[in-house]
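Accompanying notes for the structure given below.
Residue numbers (my numbering): 1 to 502.
Structural data, given as structure tokens:
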């Protein structure tokens, strides 16, 4: 029965974790009338999207690619506001440059005509295949993103009703298999299958449902906020404060308290208890179910899901400045080593740190010169590596990997780097574990294989605990900025409306 809310205080909601999923959840709850408190252990909002400043060089710590910008615009529109009044988004040109081990390059975006011209230059016979790939990706997008990304998957019956579509869309295939059915050139197969790595998956294992990313990029473009991803976080932080969300930083949520099967609040690392009627976790769900609930509170299914989990790879990220510029280097470059499938098998299956690598090179100064002092460039280089289950000693392996990366870039796309590099530092899987409390230092929580997607992924509604909800990379629909922001949208269907009993 609805209750009289004319004079009743707003129900309290705590959001534990200030990544993009947590920020989006806080905004959506506030728009629905909840009194919201957002708590995060980092010094600023954003989760993995922290910002580092060193000697005049600025670095986005984590995500650097914005896709599906309408999902962010929706959050501002909830309050009658325009995202354009808070942050400026632009499209890098090209969206991505792919550099292959033989020195050949392939520019992707910003228009279909330009992309097709590049394909015709490299592999003329694959132009039609690229078009067919786009049409197939759209079919997946129409079902997987438009239809299901904001739908809750806590019901096995709902999952069962999706099986015909999953079969029709060949969800049992890998992204690589999907791409290889349409294009034959090995370089293009690499370029168009790389997207799962952006959400923590091996293209040879990741379900073809993630092939929707191809259409998502073509439909909405690839964007970058002036000022970096940190500027987008700052815009959302400003919106939170304008709308009355209480934000508390530098505080760690240690426990979720439960009474009579319902979440009642959180215990903090400074000894305080904060009570609430609704608790939303933007923390690693595996860690929550293992360590942060009372004994026996989690359902057997949630515990089994944790024991059987396959985690994403780890990340080694090298941040640095350079006392010179490379004006011909694109904003986003994917630098391929000679091996592809075997290298990914080393990382994901053998958990072996090989001598060779492939890299993502971020040069934000190509678009926004404010990231570096005049005449200089700012970079971050991301290298997929095994997560901590591989047993590597990163105090030893980190400096060795750094030297190999700098030497490889100096010999190829950044000549002169070794002599001009400055203000450098790195993050390893150990930092992801220590700073972000990520299980095994995984970069993206659960790996996006079919057996960990939709109903098989951690549910957005707590399993075994009422009043507890989950957003973020480990929950449905998955990692990546569109995924984690959509996970907060799922809560609109799950969290009771203000004035309605749960």
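Backbone N, C-alpha and C define an ideal beta-carbon position, used for all residues, glycine too. Predicted model only: the values in this text are computed from it and were never measured.
Beta-bridge analysis with DSSP links residue 379 to 320. Per DSSP, the continuous alpha helix (DSSP H) segment holding residue 191 begins and ends at 186 to 193. For residue 289, no beta strand (DSSP E) run applies; the uninterrupted alpha helix (DSSP H) run containing it begins and ends at 285 to 291, by DSSP.
Beta-bridge pairing by DSSP links residue 38 to 15 and 247.
Excluding the 5 residues flanking it on each side, residue 36 has same chain C-beta neighbours closer than 6 angstroms at 13, 26, 29, 30 and 245, in chain order.
Between residue 421 and residue 386 the beta-carbon gap is near 26 angstroms, outside 8 angstroms, which marks them as no contact. In this structure, DSSP gives residue 95 a state outside helix and strand, which the three-state scheme calls coil.
With a cutoff of 8 angstroms on beta-carbon distance, residue 177 and residue 123 are scored as not near each other.
Here the stretch 133 to 143 makes contact with the stretch 209 to 223; the two share three or more CB pairs at distances below 8 angstroms.
With a threshold of 16 other beta carbon atoms within 10 Å, residue 111 falls short and is exposed. Contact between residue 263 and residue 465 holds: their C-beta atoms lie close to 6 angstroms from each other, under 8 angstroms. The three-state secondary structure of residue 427, taken from DSSP, is strand. Residue 412 sits exposed, since fewer than 16 C-beta atoms from the chains shown fall within 10 Å of its C-beta. Residue pairing by DSSP places residue 461 opposite 469 in a beta bridge. Between residue 316 and residue 499, the alpha-carbon positions lie close to 47 angstroms from each other. Shown here, residue 341 sits in a helix according to DSSP, grouped into three states.
Annotated three-state conformation of residue 279 is strand, per DSSP. For residue 263, there is no enclosing alpha helix (DSSP H); the enclosing beta strand (DSSP E) covers residues 262 to 268. Contact between the stretch 165 to 172 and the stretch 306 to 321 is absent: fewer than three C-beta pairs spanning the two stretches fall below 8 angstroms.
For residue 240, the uninterrupted alpha helix (DSSP H) segment begins and ends at 229 to 242.
From the listed residues 429, 228, 358 and 247, the smallest Cα separation to residue 331 is found for 228. With a cutoff of 8 angstroms on beta-carbon distance, residue 283 and residue 255 are scored as not near each other. C-alpha of residue 202 to C-alpha of residue 447: approximately 8 angstroms in a straight line. Setting aside the 5 residues that flank it on each side, residue 394 is surrounded in the same chain by 428 and 430, each with a C-beta closer than 6 angstroms to its C-beta; the list follows chain order.
At the C-beta level, residue 334 and residue 119 stay beyond 8 angstroms of one another. Residue 462 has its alpha-carbon roughly 14 angstroms from the corresponding atom of residue 260. Taking the Cα of residue 311 as reference, the smallest distance to any Cα among 247, 438 and 379 is reached at 438. In this structure, 94 is the residue among 100, 94, 103 and 453 with its C-alpha nearest to the C-alpha of residue 113. For residue 55, same chain residues with a beta-carbon under 6 angstroms away, outside a window of 5 residues either side, are 423 in chain order.
Cβ contact annotation for residue 324 (same chain, cutoff 6 angstroms, sequence separation greater than five): 420, in chain order. Burial of residue 40 is indicated by the presence of at least 16 other C-beta atoms within 10 angstroms of its C-beta.
The beta carbon of residue 369 sits closer than 8 angstroms to no other beta carbon from its chain once the five residues preceding and following it are set aside. The bridge partners DSSP lists for residue 116 come to none.
Contact annotation, residue 388 with residue 441: C-beta distance approximately 4 angstroms; criterion of less than 8 angstroms satisfied. Taking 8 angstroms as the cut-off, the Cβ atoms of residue 467 and residue 295 do not count as close. Residue 216 and residue 67 have their C-alpha atoms some 7 angstroms from each other.
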